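For the record, in the sequence shown the residue sitting at position 237 is 237 according to UniProt numbering, with numbers rising by one throughout.
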Amino acid sequence: MVCSPTLARDTDRRTPIPYHAILFQKTKGLCGFFVTSRNVISPNILAFTSLATTEAVVLSRMTPPDDYAYEVVACAYHNLLKVQHVCKTFFTFLPSIPTMSSKNIVIVGGGTAGLNVFNGLTAKLATSTTTSIILVTPRPHYTSLPATIRMVVTAEGELEKHALMSFPESFNEGNKKVVLAKVVSIEDDETKGRFVTLDNGEKIEFSVLVLAPGSKWEGPLDFPESVDGQLQWTKDWREKFAKAKSVALVGGGAIGIELSGELKDQWPNKPVTIVQGDALLLNKTYPDRFRKDIERRVVKRGVKVIKDDFVDDVEPKEGKITTRKGVAVEADLVIPTRGPRPNTKFIESLGSDTLTDSGFVKVKPTLQLANHPRIFAAGDVIDYAEQKQAAKAPNHAAIIVNNALSLIGENPKGLINYKGSTELIVITNGKNGGAGYFDILWGISIGDWLSSLLKSKTLMIEMSKNSLKL
């Protein structure tokens, strides 16, 4: 067989083979395709296809089907799909591969990862009459996170008019649909069916499910779901920052650093302190020289940095907080900037072995869930050794789009693996400063001018809007 072994190896050995019945029907359909086309196809091709399909159909009738039978069926199907594609290139009147009745590809989450998958699939299936692409998200808009850090500090530029991007009407045209709801549970069972249950009680069946629910944030970035709620939340936080006499940021990652820069832009003389649990700002993904350079730039603006220490109680008492080591920090407003947590509570419904102890989704190299081959995960929630950044989302989406299309018989290429993304970061330091690092060549660092050009001035709002087709 000339089929890629990846397809066979990625089959789940511990649960009933979910594709068996589908492949059985499709291989029979392919038999019919080649029978009706026998007068115009080379006898050599017919000999190959006849042998492969006969073996596949016979083995697919084994009860229960064993692993070898499934592999033969799967490989035969994908091999014949390739042959049919070649034949149809030269004989346009040949019949199409028979498909299942209408299928749903459901995407949970309207953030960067979810929208990249949604747009990728809708581009490939724009003319499909058998597959619907359904985006399930509680918000009727996309929220640009880099812009919200400045938005919650200042009304300057009216960023709320630009950072909250409504979904266009085209997202509900043709075979596309946006459902405004939260997913509360998932069922993926051969007997019970495959569907997600929404917070309004509705159930949506799926043939393929993509989980991209994003992260849950603390402090000013923990926005409500509605537009009105987000606008009021933004107004409230602007007032809190304006009234504060001093601010402590608990966490020295990118969020804490960027927020300190925005505060210093607005109130240069207001005391701002970052408390970081590591010996340097950021984390060990980045070289020490870059982390030290970031600290130098932050301190230069008047931000105090306390390292190798933690804050357990973020409620200030008499205008101060006390670190674990007993250091008193002046602050009547304390902001947790320790980074987000994966928004995956509802995924626990698939079983206790689906998530790590930290709540990240366990995935295979194909970005499929280990015991649920028709479910994929993307974005911040996946358990993968890389930084959680929006820049990774297009790469995740490319893998999932390819593999989802393969599962529904729309892509003869077969499953492919995610091999990671280049680590890079650009951190703002107010509107006119910042620093960045790109893990290419010897490791390239950039300073204020280029960081400002790439991100600090525009916050990449228009770039995000265009790339996500909003």
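Note that the Cβ used here is the ideal one computed from N, Cα and C, for glycine as well.
Being a predicted model, the structure only gives us computed values, none of them experimental.
Would you mind stating whether residue i and residue j have Cβ atoms separated by less than 8 Å?
i	j	result
ASP309	GLY277	yes
ALA254	ILE427	yes
GLY110	THR137	yes
SER207	ASN104	yes
ASP332	ALA244	yes
GLU295	VAL305	yes
PRO365	GLU218	no
LYS264	GLY319	no
SER215	PRO340	yes
ILE375	ILE399	no
ASP353	ASN371	yes
PRO342	ASP380	yes
VAL106	LEU209	yes
ASN119	LYS469	yes
By DSSP, does residue i sit in helix, in strand, or in coil?
i	result
HIS396	helix
PRO365	coil
ARG338	coil
MET460	coil
GLU315	coil
ALA328	strand
ASP189	strand
GLU160	helix
VAL381	helix
PHE118	helix
VAL152	coil
ALA56	Caution is warranted here: a pLDDT of 49 is assigned to ALA56, below 50, making its placement in the model unreliable, and the coordinate value is therefore given only provisionally. Residue state, collapsed to three classes: helix.
VAL227	helix
PHE310	coil
ILE107	strand
GLY436	strand
LYS182	coil
VAL303	coil
ARG139	coil
PRO146	helix
SER467	helix
PRO347	In the sequence on display, residue 347 carries Ile and not Pro. It is helical.
Residue i and residue j look like a contact to me (Cβ under 8 Å); what is the Cβ gap, rounded to whole Å?
i	j	result
LEU115	ALA377	That pair is no contact at about 15 Å.
VAL117	VAL401	6 Å
SER144	ALA113	Incorrect: roughly 14 Å between the Cβ atoms, too far for contact.
THR344	PRO213	6 Å
PRO268	GLU330	Not quite, the Cβ-Cβ distance comes to about 16 Å (not below 8 Å), so this is no contact.
ASP188	LEU350	6 Å
VAL361	ILE347	6 Å
LYS457	SER421	Not really, about 25 Å apart at Cβ, beyond 8 Å.
Nearest CA to the CA of residue i: which residue from the options?
i	options	result
THR234	PHE206, PHE223 and LYS176	PHE223
VAL250	VAL227, ILE274, LYS317 and ASN269	ILE274
ILE446	ILE440, LYS161, LYS457 and GLY434	GLY434
ALA385	LYS284, ILE416 and GLY351	LYS284
GLY174	GLY214, ILE133 and PHE167	ILE133
SER452	ILE375, SER349 and GLY261	GLY261
GLU258	ILE375, ALA397, ARG297 and SER226	ARG297
LYS182	LEU221, LEU135 and LYS176	LEU135
ASN403	LEU367, ASN371 and GLU156	LEU367
MET463	PHE438, ASP448, LYS307 and ALA390	ALA390
ILE440	PRO271, VAL361, TYR286 and GLY430	TYR286
VAL314	VAL299, ARG338, ASP293 and LYS307	ARG338
LEU125	LEU159, SER421, ASP236 and ILE408	ILE408
ASN432	PRO168, LEU450 and PHE438	LEU450
LYS465	LYS161, GLU410 and LYS392	LYS161
LYS300	LYS457, ASP448 and VAL108	ASP448
GLY252	ASP236, LEU282 and TRP237	LEU282
SER246	VAL334, THR154, LYS176 and TYR437	VAL334
For residue i and residue j, what's the separation of their Cα atoms in angstroms?
i	j	result
THR122	PRO412	18 Å
GLN230	TRP442	42 Å
LYS455	PRO394	18 Å
GLN232	SER406	44 Å
TYR142	VAL178	12 Å
MET165	GLY326	44 Å
ILE425	ILE382	19 Å
VAL152	VAL227	14 Å
MET460	PRO146	8 Å
LYS388	LYS203	30 Å
ARG291	ALA328	25 Å
GLU225	LEU280	35 Å
GLU205	PHE167	23 Å
SER128	THR191	28 Å
GLU423	ARG139	29 Å
ASP236	ILE321	22 Å
GLY256	ASN429	10 Å
GLY193	GLU169	31 Å
For residue i, verify whether its CB is less than 7 Å away from any heavy atom of the ligand PLP.
i	result
SER456	Judged by which ligands are present, the structure shown has none, so any question about the ligand PLP falls away.
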